[in-house]
Amino acid sequence: MDWQTCHLDFEAWSLASADVHITQGSKGIVLADDLQKHGEWKIVSSSAVNLAESHETKVRFTIMIQRKSLYAIMNYIIPILLISILDIFTFKIPVDTGERIGYVITVWLAYAVFLTIISDALPQSSESIPIVSIYIMLQIFVGTVIVIISAIESGCAHRSDDESVYYILKTLTKKCRKQNEPENSMCLDRGSLTTLATHEDLCFEGDEVCVTWKEAISALDKVLFWVCLTIFVSSTLITLLVAGLKYI
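Residue numbers (our numbering): 1262 to 1509.
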């Protein structure tokens, strides 16, 4: 969680310590009982110390505040988790429907708008970057990659089946076929085949059934879904672990 340390220095300028001597009280900073509570921050601790600089007297009051966890979880963590889940389910939308590009760009814009909204609430410093900012930028990067992949897949899905499918996609599709064979498979004797409706229904390349572009993209989407889900879960767990170790 976010911690901030605020230093308040009180000093008598151009006056020697022999003329003016500033010192803190015996209890340091005393917080009033009727102190108005803040909805986002709470005071964790406070202290006061005398600082002697040359011939001048100086007192430093220090207040340590912590961002309330419930506020951060409700306004930062949960929204970015939900948007990330929506981004992953991009690969469950059939690429040939034409709706995927619009969907994935909308989700990416949601990232950008969300980052703009919370940027004012995050510390404006390059020395110490909040963990939540790093996590959001990682999810935006993954979302950008998904947009690029979706655009490439959309172009490949509209290719003619006469064009040869890339070898790696063909291999991936055949492995997916083998996994589905025990559930729904049907053996055909090639000699008993009398008619074939179209080239898209069934075709042969030597002794192997050929792979169409749509089928290859569908197999690739299944793999990318689990890859993105793994990245999402692992990055979330690592972020929570780092945040927990930092503030133990």
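Note that beta-carbon positions come from the ideal geometry of N, C-alpha and C, so glycine has one too.
**OP:** Give me whichever residues DSSP pairs with Leu1328 in a beta bridge.
**Re:** Residue mapping note: residue 1328 aligns to position 67 of the sequence shown, counting from 1. A quick correction: the sequence has Arg, not Leu, at residue 1328. In the DSSP output, where bridge partners are listed per residue, Arg1328 has Trp1302.
**OP:** List the endpoints of the continuous beta strand (DSSP E) containing Gln1265.
**Re:** Within the sequence shown, the letter at position 4 stands for residue 1265. Where Gln1265 is concerned, the enclosing beta strand (DSSP E) starts and stops at 1264-1272.
Subject >> Completely contained alpha helix (DSSP H) runs for the segment 1356-1386, where each covers 4 or more residues >> reply: Correct list: 1361-1380.
Original post:
Excluding five sequence neighbours on each side, which residues of the same chain lie with their C-beta closer than 7 Å to the C-beta of Trp1474?
Top reply: Counting from 1 along the sequence shown, the entry for residue 1474 is found at position 213. So the qualifying residues of the chain are Cys1417, Ala1418, Arg1420, Asp1422, Val1426.
Subject >> Coil, strand or helix - Leu1463 by DSSP >> reply: In the sequence shown, residue 1463 corresponds to position 202, counting from 1. Low confidence applies here, because Leu1463 scores a pLDDT of 46, under 50, leaving its location unreliable and the question unanswered by this model.
Subject >> Exposure label - Asp1295; buried when at least 16 CB within 10 Å >> reply: Locating residue 1295 in the sequence shown gives position 34, counting from the first residue. With fewer than 16 neighbouring CB atoms inside 10 Å of its own CB, Asp1295 falls in the exposed class.
Subject >> Simplified DSSP state of Ser1425, which is helix, strand or coil >> reply: What you label residue 1425 is simply residue 164 of the sequence shown in a count that begins at 1. Note: Ser1425 maps to coil in three-state DSSP.
**OP:** Could you please give the first and the last residue of the uninterrupted alpha helix (DSSP H) stretch that includes Ala1412?
**Re:** Looking up residue 1412 in the sequence shown gives position 151. Its alpha helix (DSSP H) spans residues 1392-1418.
Subject >> the segment 1350-1370 contacting the segment 1397-1416, beta-carbon criterion three pairs below 8 Å >> reply: Contact holds between the segment 1350-1370 and the segment 1397-1416, because three or more Cβ pairs, one in each stretch, are under 8 Å apart.
Subject >> Alpha-carbon to alpha-carbon, Ala1477 and Glu1589 >> reply: This structure gives no information on residue 1589, because the portion of the chain shown stretches from 1262 to 1509.
Original post:
So, are the CB atoms of Leu1430 and Leu1485 less than 9 Å apart?
Top reply: Against the sequence shown, residue 1430 aligns to sequence position 169. Against the sequence shown, residue 1485 aligns to sequence position 224. For Leu1430 and Leu1485, no; Cβs fall outside 9 Å.
**OP:** Could you tell me if Ser1453 is buried or exposed, where buried requires 16 or more neighbouring beta carbons within 10 angstroms of its beta carbon?
**Re:** If you number the sequence shown from 1, residue 1453 lands on position 192. Here the model assigns Ser1453 a pLDDT of 46, short of 50, so the residue's position is not dependable and the matter cannot be decided.
Original post:
If we ignore side chains and look at the alpha-carbon of each, how far apart do Phe1350 and Lys1319 end up?
Top reply: For this step, residue 1350 is matched to residue 89 along the sequence shown. For this step, residue 1319 is matched to residue 58 along the sequence shown. CA-to-CA, the gap between Phe1350 and Lys1319 works out to about 59 Å.
**OP:** Determine the DSSP secondary structure at Thr1500, reduced to helix, strand or coil.
**Re:** As a working mapping, residue 1500 is identified with position 239 in the sequence shown. In the structure shown, Thr1500 sits in a helix (DSSP, three-state: H, G or I).
Subject >> Own chain partners of Leu1347 with C-beta closer than 7 Å, once the 5 adjacent residues on each side are dropped >> reply: In the sequence shown, counting from the first residue as 1, residue 1347 sits at position 86. So the list reads Val1368, once near-sequence residues are dropped.
Original post:
Quick one, which of Leu1269, Gln1297, Asn1311, Glu1317 has its alpha-carbon nearest Met1325's?
Top reply: As a position in the sequence shown, residue 1325 is number 64, starting the count at 1. Of the candidates Leu1269, Gln1297, Asn1311, Glu1317, the residue whose Cα lies closest to the Cα of Met1325 is Leu1269.
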